[in-house]
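Below you'll find the structure, written out as structure tokens, and then a few comments.
There are 2 protein chains.
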Amino acid sequence: MGMKKIATFNVNSVRSRLHILERWLNDTNIDILCLQETKTEDATFPSEFFHQKGFQVFYCGEKAYNGVAVASKEKPAWVSFGLGDGLLPDGRTRMVHCLFGDDLHLINLYVPQGKALDHPDYEMKLKFFDRLLKYLDKNFTPESKIIVVGDLNVAPTDMDVTNPDNKRNHVCFHEDVKKAFNSLLEWGFVDVFRKHRPGEGEFSFWDYRVKNALERNIGWRIDHLLATKPVAERSKDAYVARELRAWEKPSDHAPVVGKFEL
Amino acid sequence: MGMKKIATFNVNSVRSRLHILERWLNDTNIDILCLQETKTEDATFPSEFFHQKGFQVFYCGEKAYNGVAVASKEKPAWVSFGLGDGLLPDGRTRMVHCLFGDDLHLINLYVPQGKALDHPDYEMKLKFFDRLLKYLDKNFTPESKIIVVGDLNVAPTDMDVTNPDNKRNHVCFHEDVKKAFNSLLEWGFVDVFRKHRPGEGEFSFWDYRVKNALERNIGWRIDHLLATKPVAERSKDAYVARELRAWEKPSDHAPVVGKFEL
DNA sequence: GCGCAGGTGG
DNA sequence: CCACCTGCGC
Numbered sequence: 000m001g002m003k004k005i006a007t008f009n010v011n012s013v014r015s016r017l018h019i020l021e022r023w024l025n026d027t028n029i030d031i032l033c034l035q036e037t038k039t040e041d042a043t044f045p046s047e048f049f050h051q052k053g054f055q056v057f058y059c060g061e062k063a064y065n066g067v068a069v070a071s072k073e074k075p076a077w078v079s080f081g082l083g084d085g086l087l088p089d090g091r092t093r094m095v096h097c098l099f100g101d102d103l104h105l106i107n108l109y110v111p112q113g114k115a116l117d118h119p120d121y122e123m124k125l126k127f128f129d130r131l132l133k134y135l136d137k138n139f140t141p142e143s144k145i146i147v148v149g150d151l152n153v154a155p156t157d158m159d160v161t162n163p164d165n166k167r168n169h170v171c172f173h174e175d176v177k178k179a180f181n182s183l184l185e186w187g188f189v190d191v192f193r194k195h196r197p198g199e200g201e202f203s204f205w206d207y208r209v210k211n212a213l214e215r216n217i218g219w220r221i222d223h224l225l226a227t228k229p230v231a232e233r234s235k236d237a238y239v240a241r242e243l244r245a246w247e248k249p250s251d252h253a254p255v256v257g258k259f260e261l
Numbered sequence: 000m001g002m003k004k005i006a007t008f009n010v011n012s013v014r015s016r017l018h019i020l021e022r023w024l025n026d027t028n029i030d031i032l033c034l035q036e037t038k039t040e041d042a043t044f045p046s047e048f049f050h051q052k053g054f055q056v057f058y059c060g061e062k063a064y065n066g067v068a069v070a071s072k073e074k075p076a077w078v079s080f081g082l083g084d085g086l087l088p089d090g091r092t093r094m095v096h097c098l099f100g101d102d103l104h105l106i107n108l109y110v111p112q113g114k115a116l117d118h119p120d121y122e123m124k125l126k127f128f129d130r131l132l133k134y135l136d137k138n139f140t141p142e143s144k145i146i147v148v149g150d151l152n153v154a155p156t157d158m159d160v161t162n163p164d165n166k167r168n169h170v171c172f173h174e175d176v177k178k179a180f181n182s183l184l185e186w187g188f189v190d191v192f193r194k195h196r197p198g199e200g201e202f203s204f205w206d207y208r209v210k211n212a213l214e215r216n217i218g219w220r221i222d223h224l225l226a227t228k229p230v231a232e233r234s235k236d237a238y239v240a241r242e243l244r245a246w247e248k249p250s251d252h253a254p255v256v257g258k259f260e261l
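So the protein sequences, as listed, match chains E and P.
Going by numbering that gives the first Met the number 0, the residue at position 152 of the first sequence is 151; the numbering climbs one at a time, nothing skipped.
Going by numbering that gives the first Met the number 0, the residue at position 138 of the second sequence is 137; the numbering climbs one at a time, nothing skipped.
Right, dumping it as structure tokens:
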């Protein structure tokens, strides 16, 4: 089948980022594009844009908050939204799962940020990881071919933030949420991005509020590309398309791209 | 002194229109630019932009509403804001009067829109014309050299709107407000724009809410260029710079430009 | 429809 | 800083 490029991009409103997607997709051949924070209801999702760029697109969003989408050149066998465990919130606007071919699973996530360690949303965030692990247990084994991507709202190691010691009580850097992230690795996922980019300063998010955050490279690596071994073995490269963060009216995130021989 | 170009432009927020002004002023040599609806307090007026474009600039605005400015290549002898009659509102953010040389007066107006025929603002609008006429009586005779420009929020004749019969009860087209406009002509002003452009479809405002208003030319002529006879005799041309209405993120108005041999 | 305001969110 | 919201003005 050849080399496939799979990207994850928190767009911070898909409708406000069409100029960025237009420019990027015109000079970068992406096979599967996973979006988070589309921030729009399905009726107002700009599906026509993706069709014109040669993608099929599947989305589930809500007004102003959350929302995930998968745009794919190849038609998936099926697509489903949410954690499907009967609990609420059901995660429809935070998780989309597609099957490609007959055994390649792609799960695109927008994990709750959590707000504050003592906020109910942080509890929900930790629960989200629990529920995801149960989803994996129920549907797969570590030998399954699974790619998990998305904004996981966790910087898993000290290398993944700029000032780790200032951030020990941050909802994206607290021990508990790092433990939740690591439980994914323990379940059977490889951090595919780190396999190819083990160095310092590899961020995917630079806060709008930090002055010259990109030039000073004050950022976070919270957008991830994980895969079970059978897929991770086929990964050939991974990188952050950080140039997009410097374009006009950017998202605060940049895409993370993985190349897989599939 | 040679040919002078004087323009009136309701910018619908000066700070949101700098890209339009940048592009326009780079390829059009304007001597005096009169702005309305600058929508910004003086502390946040982008005076540096006008300085860089070679203008002196004088402005009086308020947060979110109203606001007038005059940008001039030549330094005026003096500038004053408001109707100066001791009544309230004083009109500081709706009228600016400059003297050029020792006898050329320029009055730039943003007349209240009026909201509805039965709204107190409509009464205020008619009063505004009364107060303006008193201002003229007090300071000038019809032999004075005066240019009056601005968004007068009146379409004076059936030719100046698209569907006159639908608009008889509109605050910019009602008989009473047209009477107020005509009282300016009777006082001693010539409609300089109509002197040069007597034809149909000469509009200066196209409502954002009307689908494809510009292409369909569904608009209003409410931005005006008037002058007393001694100045009107020296007018050589007038036109609407309607191309600006088609640029990215335009104002809902286009500039009206007059050329005068002064 | 597109400015503004103030507010929430990350 | 830059998305979103509601509400207002034209």
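From the three backbone atoms N, C-alpha and C, an ideal C-beta is built for every residue, glycine too.
Whole-number beta carbon distance between residue j and residue i, since they are thought to touch under 8 Å
{"i": "E:Val-170", "j": "E:Gln-112", "result": "6 Å"}
{"i": "E:Arg-196", "j": "E:Tyr-238", "result": "7 Å"}
{"i": "E:Val-110", "j": "E:Lys-124", "result": "6 Å"}
{"i": "P:Pro-229", "j": "P:Glu-142", "result": "7 Å"}
{"i": "P:Phe-202", "j": "P:Leu-225", "result": "So it is not a contact: roughly 17 Å between Cβ atoms."}
{"i": "E:Leu-261", "j": "E:Lys-3", "result": "5 Å"}
C-beta atoms of residue i and residue j nearer than 8 Å
{"i": "P:Lys-114", "j": "P:Val-153", "result": "no"}
{"i": "P:Trp-219", "j": "P:Asp-159", "result": "yes"}
{"i": "P:Ile-217", "j": "P:Thr-161", "result": "yes"}
{"i": "P:Cys-59", "j": "P:Asp-84", "result": "no"}
{"i": "P:Lys-137", "j": "P:Leu-103", "result": "no"}
{"i": "E:Gly-257", "j": "E:Val-191", "result": "yes"}
{"i": "P:Phe-259", "j": "P:Ile-5", "result": "yes"}
{"i": "P:Tyr-134", "j": "P:Leu-98", "result": "no"}
Own chain residues within Cβ distance below 7 Å of residue i, not counting five before or after
{"i": "P:Asp-206", "result": "Ala-212, Asp-251"}
{"i": "P:Lys-72", "result": "Asp-30, Gly-53, Phe-54"}
{"i": "P:Ser-79", "result": "His-96"}
{"i": "E:Pro-182", "result": "The sequence shown places Ser at residue 182 of chain E, not Pro. Once the five neighbours on either side are set aside, the close Cβ partners of E:Ser-182 are Phe-128, Leu-132."}
{"i": "E:Ala-63", "result": "Lys-38"}
{"i": "E:Ala-253", "result": "Ser-203, Val-239, Ala-240, Arg-241, Leu-243, Arg-244"}
Exposed unless 16 or more other CB atoms sit within 10 angstroms - verdict on residue i
{"i": "P:Asp-117", "result": "exposed"}
{"i": "E:Arg-93", "result": "buried"}
{"i": "P:Thr-140", "result": "exposed"}
{"i": "E:Glu-247", "result": "exposed"}
{"i": "E:Asn-165", "result": "exposed"}
{"i": "P:Asn-11", "result": "buried"}
{"i": "E:Thr-227", "result": "buried"}
{"i": "E:Gly-1", "result": "exposed"}
{"i": "P:Pro-75", "result": "buried"}
{"i": "P:Ser-15", "result": "exposed"}
{"i": "P:Glu-232", "result": "exposed"}
{"i": "P:Thr-39", "result": "buried"}
{"i": "P:Thr-37", "result": "buried"}
{"i": "E:Lys-25", "result": "The question names Lys, but residue 25 of chain E is Asn in the sequence shown. E:Asn-25 should be labelled exposed."}
{"i": "E:Arg-244", "result": "buried"}
{"i": "P:Asn-28", "result": "exposed"}
{"i": "P:Ile-198", "result": "One point to set straight first is that residue 198 of chain P is Gly, not Ile, in the sequence displayed. It counts as exposed."}
Nonlocal neighbours in the same chain, by C-beta distance under 6 Å from residue i, ignoring five residues either side
{"i": "E:Ala-70", "result": "Leu-32, Phe-49, Phe-54, Val-56"}
{"i": "E:Thr-7", "result": "Cys-33, Val-148, Gly-149, Asp-222, Val-255"}
{"i": "P:Gly-90", "result": "Gly-81, Leu-82"}
The beta strand (DSSP E) enclosing residue i, as first and last residue numbers
{"i": "E:Asn-181", "result": "Looking at the DSSP string, E:Asn-181 is not in any beta strand (DSSP E); the run it does join, the alpha helix (DSSP H), is 174-186."}
{"i": "E:Phe-99", "result": "94-99"}
{"i": "E:Ser-71", "result": "67-71"}
{"i": "P:Lys-228", "result": "Taken as a continuous stretch (DSSP letters only), P:Lys-228 belongs to no beta strand (DSSP E), being part of the alpha helix (DSSP H) at 228-231."}
{"i": "E:Val-239", "result": "234-239"}
{"i": "P:Cys-59", "result": "55-59"}
{"i": "P:Asn-11", "result": "Counting along the chain, P:Asn-11 falls outside any beta strand (DSSP E), and DSSP gives it neither H nor E."}
Boundaries (first-last residue) of the alpha helix (DSSP H) holding residue i
{"i": "E:Ser-203", "result": "Counting along the chain, E:Ser-203 falls outside any alpha helix (DSSP H), and DSSP gives it neither H nor E."}
{"i": "P:Tyr-121", "result": "119-138"}
{"i": "E:Ile-145", "result": "Segment 144-150 is the beta strand (DSSP E) holding E:Ile-145; no alpha helix (DSSP H) there."}
{"i": "P:Asn-25", "result": "17-26"}
{"i": "P:Phe-49", "result": "46-51"}
{"i": "P:Leu-103", "result": "Careful: P:Leu-103 lies outside any alpha helix (DSSP H), inside the beta strand (DSSP E) at 103-109."}
{"i": "P:Phe-192", "result": "191-195"}
{"i": "P:Ala-212", "result": "212-215"}
Contact set for residue i: own chain, Cβ-Cβ below 8 Å, skip 5 residues either direction
{"i": "E:Leu-108", "result": "Gln-35, Val-67, Arg-93, Met-94, Leu-131, Val-147, Val-148, Gly-149, Asp-150, Leu-151"}
{"i": "E:Ser-46", "result": "Val-56, Tyr-58"}
{"i": "P:Arg-167", "result": "His-173, Glu-174"}
Any non-hydrogen atom of the ligand MN closer than 7 Å to residue i Cβ
{"i": "E:Thr-39", "result": "Within the structure as shown, the ligand MN is missing, as the structure has no ligands at all."}
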